[in-house]
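Presented below is the structure to which this report refers.
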Amino acid sequence: MITPSIWDMFGLWIGAALTVWLFSFAFKDNALYKLAEHLFVGVAAAYNFTIAIDGLLKTGIAPIQQGNIMRIFALILGCFFFAKYFGKYSWVARFGPAFVIGVGLGISVTTAPEGFVLAQVKSSMLPLWTGDLLQSLTNILMTFIVLGGLTYFMFTFVPGIRGAAKKAPGTRLYGAFLKIGIYGMMIGFGALFASTIVSRVAYLIGRLTDLIASPEASIVATILVIAAIAYAYRHEKKTAVGKLEQKESRKTP
Amino acid sequence: MNTIEKINKFLSNRQILYLLLLAVVLGIMLHPLGIPIGIAGQTRDVYNYVDKLPQNPKILMDVHYDPAGATELQPMAGAFLRQVIVKNPKIVFFTTHNIGPIMFERLRSYFPDVFSQLKYGDDYVNLGFLPLVEATFASMAKGCQEFVARDAYGASTADMPIFKVADKAADFNVVVLLTTSTDPIEYAIRQWYTAYKMPLLFMVVAVIGPSVQPFVASGQAVGMLSGQNAAAQYELLLKRPGSAVAAVDAQSGAHVLIMIYIVLGNLIYWPMRKMSKKAGGTKTK
Chain A
1 MITPSIWDMF
11 GLWIGAALTV
21 WLFSFAFKDN
31 ALYKLAEHLF
41 VGVAAAYNFT
51 IAIDGLLKTG
61 IAPIQQGNIM
71 RIFALILGCF
81 FFAKYFGKYS
91 WVARFGPAFV
101 IGVGLGISVT
111 TAPEGFVLAQ
121 VKSSMLPLWT
131 GDLLQSLTNI
141 LMTFIVLGGL
151 TYFMFTFVPG
161 IRGAAKKAPG
171 TRLYGAFLKI
181 GIYGMMIGFG
191 ALFASTIVSR
201 VAYLIGRLTD
211 LIASPEASIV
221 ATILVIAAIA
231 YAYRHEKKTA
241 VGKLEQKESR
251 KTP
Chain B
254 MNTIEKINKF
264 LSNRQILYLL
274 LLAVVLGIML
284 HPLGIPIGIA
294 GQTRDVYNYV
304 DKLPQNPKIL
314 MDVHYDPAGA
324 TELQPMAGAF
334 LRQVIVKNPK
344 IVFFTTHNIG
354 PIMFERLRSY
364 FPDVFSQLKY
374 GDDYVNLGFL
384 PLVEATFASM
394 AKGCQEFVAR
404 DAYGASTADM
414 PIFKVADKAA
424 DFNVVVLLTT
434 STDPIEYAIR
444 QWYTAYKMPL
454 LFMVVAVIGP
464 SVQPFVASGQ
474 AVGMLSGQNA
484 AAQYELLLKR
494 PGSAVAAVDA
504 QSGAHVLIMI
514 YIVLGNLIYW
524 PMRKMSKKAG
534 GTKTK
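Just so you know, the sequences run in chain order A and B.
Numbering of the first sequence is given in this note's numbering, commencing with residue 1 and proceeding in unit increments.
Numbering of the second sequence is given in this note's numbering, commencing with residue 254 and proceeding in unit increments.
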């Protein structure tokens, strides 16, 4: 059996305490929640700084040391960002983002139409009869929802608005597809919302798994946070009473 | 205050909902119910695809997740690695998420049975964090070793034997994206599938599953595992139940509670609306 080191135990206790303190916000804002929140922001900023430096060394400095001189231009573009601090030359800082956006657009534009338009259009052209009743019904439903969705986002030509009679066949057909589109999208949003719940519950399970692994730390952290919430309630009450008294004293001459 | 209003007040209290959710999830985690888990066709397809990979498959793996996503994605990654390990794979790990380096180390410590069979530099390499810009994906397709001069630990990649067989787009048998975001999915579709027809396998958190599904349906990806449920199914197919199988019961319990809340909320809505109309108001709380 592996005995955890003192640092492992320290990590477990800190992890459990911060988890409980952050969860406590769901019940009431308190001092321990604030401590955990500020700690998180500080640690995240420091961590990201080291990650950025590491990235710079790995993909910028190291290749130059190995003879890839072209990377010097990337470093120079990066240095242009500091021009922001020199008022007169701050416009030079725009070169970096401009280059990144230009390259990004250049490499994505060539493949985006095929990857996101043609492939998706092709996959939505489904056979309405496959021999399998269930599959055929699914395909028919898919086709109608796609057409309905496209109708919903058709803003340039809307039957029934520019002079056409409201009960004309074209207007009715447009209305029917519009409804299918709306219902199809509502079902889609419903599925997205349900998936969001699944993920959020998974996050909760993940944190609770860690808390179960260190029950002593979780209990101590919970007791501390209950005390902090009780203090927050008391403080709030006191402040409210104080404000009321102040108002009263202002009223009386 | 009548009974309907009292029930409405009870249902609207978020603190009670959080406490109930906590009690249900914690209770089921401590005393699992053992609800049977069905295997979805999509999960079986992924399992069969991985099963049919040739010997010594070359795999490119992006560990693009944070501790929150680890609950869903880590079991998938572990199950996938356990399935391919028997084929003596060559795996190039990298991450486009800033927390990714930590998550990779966690992956390595959670699955020592997998990593103890792989030799660093020969069978696998960790390139560490690479900033997530589309250009990164495009450059890696042209050659990982040339693009990343040093690995996550500062060692030179130039002499690593793995890059002799797993370096360019054409070398890889499958690209696995473990992700909590749709950004790397879109970049991979554009830079790896469309440009080089690299087979993509998506392992994603449930929240982005519906957004990724169209790419699987169109054949631009070889498959997708979405959420804790898919992870549990994959573990069961592998006959090695792990943390995902253990968590699915608690997931189901939480869903039942939320469904009860939705049904009760809707049932209460109608009498509340009637009462509000009677009182001459137009809004229901």
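For glycine and all other residues, C-beta sits at the position ideal for the given N, C-alpha and C.
Rounded to whole angstroms, T59(A) and I355(B) show a C-alpha spacing of 19 Å.
Just measuring C-alpha positions, the residue of V465(B), V428(B), F455(B) sitting nearest Y449(B) is V428(B). Listed along chain B, the residues sitting closer than 7 Å to Y203(A) by beta-carbon distance are A321, T324.
Counting only runs of at least 3 residues, the region 326-367 of chain B fully encloses the following beta strand (DSSP E) elements, listed from N- to C-terminal order: 343-348.
Among the CB atoms of chain B, none fall inside 8 Å of the CB of N30(A). Contact between G476(B) and L454(B) holds: their C-beta atoms lie close to 6 Å from each other, under 8 Å. At a cut-off of 8 Å, the C-beta of F27(A) has a neighbouring C-beta in chain B. Taking C-beta separations shorter than 8 Å and ignoring five residues to either side along the sequence, the partners of H317(B) in its chain run T348, T349, H350, G353, L385, L430, L431, T432, T433, S434, P437, following chain order.
In the DSSP assignment, I14(A) falls within the alpha helix (DSSP H) that extends over 6-23.
Here Q120(A) is near P467(B), since their CB atoms are less than 8 Å apart.
Taking a 10 Å sphere around the C-beta of R443(B), we find 16 or more other C-beta atoms and assign the residue as buried. Under DSSP, H317(B) forms a beta bridge with T432(B).
Below 8 Å, enough C-beta pairs join the region 17-31 of chain A and the region 225-245 of chain A to call them touching: three or more. According to the DSSP secondary-structure assignment, I312(B) is paired through a beta bridge with I344(B), V427(B). In the structure shown, L520(B) falls within a helical segment according to DSSP collapsed to helix, strand and coil. Counting C-beta atoms within 10 angstroms of its own C-beta, F193(A) has fewer than 16 neighbours from the protein chains shown and is therefore classed as exposed.
Counting along the chain, S369(B) sits inside no alpha helix (DSSP H), nor does DSSP assign it H or E at all.
Restricted to the region 441-491 of chain B, the beta strand (DSSP E) segments that are unbroken, complete and at least 3 residues in length are 453-457, 476-479, listed in chain order.
Interface flag for I51(A) against chain B is set, since a Cβ pair is found closer than 8 Å.
Under the three-state reduction of DSSP, L173(A) is assigned to helix. Restricting attention to G15(A), W7(A), D8(A), S5(A), the CA atom closest to the CA of V220(A) is found in G15(A). Residue contact with chain A for V278(B): present (Cβ-Cβ distance below 8 Å to some residue of chain A). Residue pairing by DSSP places Y377(B) opposite I344(B), Y373(B) in a beta bridge. Neighbours of I212(A) across chain B, judged by C-beta separation under 7 Å: M282.
The C-alpha of K311(B) is placed about 6 Å away from the C-alpha of I344(B). Per DSSP, R200(A) has no beta-bridge partner at all. Only residues of its own chain outside the window of five on either side were considered, and among them Q481 have a CB closer than 6 Å to the CB of A500(B), listed in chain order.
When the alpha-carbon of A191(A) is set against those of A293(B), P463(B), E439(B), the nearest one is in P463(B). The beta-bridge partner set that DSSP reports for R403(B) consists of S409(B). Within chain B, no C-beta atom comes less than 8 Å from the C-beta of L77(A); the nearest is roughly 13 Å away. Taking the Cβ atoms as the reference, P328(B) lies roughly 5 Å from G495(B), within the contact range of under 8 Å.
Separation of I182(A) and T171(A) (C-alpha to C-alpha, rounded to the nearest whole angstrom) is 16 Å. Under DSSP, the beta-bridge partners assigned to F382(B) are T348(B). Residue state for Q65(A) is assigned as helix, using DSSP reduced to three classes.
For M125(A), the secondary structure class from DSSP, reduced to helix, strand or coil, is coil.
Between Y271(B) and chain A, the shortest Cβ-Cβ separation is below 8 Å.
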